[in-house]
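Below you'll find the structure, written out as structure tokens, and then a few comments.
In the numbering used here, the protein residues as written are 314 to 554.
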């Protein structure tokens, strides 16, 4: 039976966070019809073994493995392709995206809103270092100025979107940071909601400010080019065809 929604979680070296995150998702989603697809992105700390162990007693939990690390966008893309539900909810695998936000992310899709493609979470009261907050603010302002995507926090992992619409977007490294602009450019409505944020309880961050800034400059130029050559109308959904 096809679930109503799939939760896609990219993970790299998050063995200590896997079990607490799965438990938190279960508590947040309750008796809903859902599945969890965790993508192990080339971990070397036992993350895959931990997820496989958790999946033994959970038919709705599936593991997708990358033999080598491909990055967060590659992991999200693999998870979405493996997912079976028409609606996808993503979150980071470090435990900083509280799963109790999932119902609010999915709620705007109720009521037959065929034009809605993406609901983007925007973190409030972020539990990050001063330097990380400063770098994120600067990057968001630059991106917003250039792409005019009306999103103050595209780095938030909490997002919900239509699976078919996502798979029609151009795939490239770091695309997960530009989903509001990409969905809008392809004719879809984009909604935003405030979501909570938690401090990391285990493991270490996989990002550094310098590396993110250098990659971001190239990405911005590329995304701006793609948007200038965007489709002029929203693709028809299966229901509209």
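Every residue gets a Cβ at the ideal spot worked out from N, C-alpha and C, and that includes glycine.
Per DSSP, the continuous beta strand (DSSP E) segment holding residue 403 begins and ends at 400-403.
7 Å or more divides the Cβ of residue 435 from the Cβ of residue 407. Per DSSP, reduced to three states, the secondary structure at residue 499 is coil, with no helix or strand assignment. Beta-bridge pairing by DSSP links residue 504 to 432. By the criterion of a C-beta distance shorter than 6 Å, residue 496 is surrounded in its chain by 430, 431 and 503, once the five residues flanking it on both sides are discounted. Residue pairing by DSSP puts residue 473 in a beta bridge opposite 402 and 432.
Judged by DSSP secondary structure, residue 437 falls outside any beta strand (DSSP E); it is assigned neither H nor E. If the five residues before and after residue 438 are omitted, its C-beta is found closer than 8 Å to the C-beta atoms of 509 and 510, all from its own chain and listed in chain order. By the CB criterion at 7 Å, residue 401 and residue 513 fall outside the cutoff. Contact between residue 388 and residue 505 does not hold, since the beta-carbon distance rounds to 24 Å and is not under 8 Å.
Boundaries of the beta strand (DSSP E) harbouring residue 319: 318-324, taken from the DSSP string.
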